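Beneath this line is the structure, given in structure tokens, with notes to follow.
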Amino acid sequence: MSYRILAAIVLFLAGFLPSPASPIFSLLAAAFPGGGPLSQESLAPYVPTPQPVVDRMLALAEVTSKDVVYDLGCGDGRIVITAAQKYGAHGVGVDIDPVRVREANENARRAGVEKLVRFIEKDALNVDVSGATVVTLYLLSSSNLKLRPILTRQLKPGARIVSHAFSMGDWRPSKEETLTDGEGFNRTIYLWKADGVVRP
Ligand SMILES: C[S@@+](CC[C@H](N)C(=O)[O-])C[C@H]1O[C@@H](n2cnc3c(N)ncnc32)[C@H](O)[C@@H]1O
-19 MSYRILAAIV
-9 LFLAGFLPSP
1 ASPIFSLLAA
11 AFPGGGPLSQ
21 ESLAPYVPTP
31 QPVVDRMLAL
41 AEVTSKDVVY
51 DLGCGDGRIV
61 ITAAQKYGAH
71 GVGVDIDPVR
81 VREANENARR
91 AGVEKLVRFI
101 EKDALNVDVS
111 GATVVTLYLL
121 SSSNLKLRPI
131 LTRQLKPGAR
141 IVSHAFSMGD
151 WRPSKEETLT
161 DGEGFNRTIY
171 LWKADGVVRP
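So the sequence shown is numbered by the working numbering: it starts at -19 and just counts up by one.
Below, the structure is given as structure tokens:
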């Protein structure tokens, strides 16, 4: 094949690649209401929190049966499932990965807490968290910072935010705790309390 023909094929194909400005991109985005795979941004890869750390996160937040615990990026659902099992709390897990949401629903059914918890496939940056009294996070520092204005605008004063491993910029936590997990690694947990101040 001559160089000219090859170049023509490459240019032709390039014309069909969707760019954010192209109508093809808009059509694909419209096909995925609520923010489809093209508009969703990964806030962290899937790495589950070890169970002893989950237990400490919930204890640090002083979760009770009156709480509604949201885990943004819920993975296999272990945090909200544990909150339901141990404390009788209601819970909502949010994840962009449908495999994780299916797994979380299955785990909730096996744990017998499916009436207390629900899992939704959605971008955590587009979720209404105003009903949460506790929000748990195991994302990245940069992702926590993206969520900070949303959380501080929507959460009611007194709501708690607990993050495994990652802080939230210059917003100093009201508590910080380091524990050693089952494999001998140190894990830090941060706790903030919503106080009505919106932090950009
Ligand atoms: C580090 S894992 C934490 C899982 C769980 N919270 C835990 O502590 O065991 C991060 C999770 O966030 C999810 N995730 C990444 N980006 C997301 C986004 N934009 N919206 C919702 N979930 C997201 C990933 O699919 C993954 O399951």
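We put the CB at the ideal spot given by N, CA and C, even for glycine. Being a predicted model, the structure only gives us computed values, none of them experimental.
- When secondary structure is reduced to three states using DSSP, S147 falls in the coil class, being assigned neither helix nor strand.
- For E21, the shortest C-beta to heavy atom distance toward ligand 1 is below 7 Å.
- Between A88 and G53, the gap from beta carbon to beta carbon reaches 8 Å or more.
- Contact between the region 35 to 51 and the region 130 to 138 is absent: fewer than 3 CB-CB pairs across the two stretches fall below 8 Å.
- Take the alpha-carbon of G138 and the one of S110: they are about 12 Å apart.
- Residue burial is scored here from C-beta neighbours: T44 has fewer than 16 other C-beta atoms within 10 angstroms and is therefore classed as exposed.
- The alpha-carbon of E86 is positioned some 27 Å away from that of E163.
- Annotated three-state conformation of V74 is strand, per DSSP.
- When the Cα atoms are used, G176 and R167 turn out to be separated by approximately 29 Å.
- With a cutoff of 8 Å on beta-carbon distance, V93 and I61 are scored as near each other.
- One alpha carbon belongs to V97, the other to H144, and they sit about 21 Å apart.
- Between the beta-carbon of G55 and that of P28 there is about 5 Å, and that keeps the pair under the 8 Å contact cut.
- Looking at the backbone, the Cα of M148 and that of N124 are separated by about 6 Å.
- About 7 Å separates the beta carbons of V48 and A69, which is inside the 8 Å limit, making them a contact pair.
- Nearest Cα to D108 within the set G73, Y118, L159 and A84: G73.
- Scanning its chain for C-beta atoms nearer than 6 Å, with the 5 sequence neighbours on each side dropped, one finds around P153 the residues Y170, L171 and W172, in chain order.
- Annotated as distal: E157 and R80, with beta-carbon spacing of 8 Å or more.
- A Cβ-Cβ contact shorter than 8 Å links L159 with P32.
- Within the model, the alpha-carbon separation for W151 versus Y50 is close to 20 Å.
- Taking all protein chains in view, the Cβ of R90 is surrounded by fewer than 16 other Cβ atoms within 10 Å, so the residue is classified as exposed.
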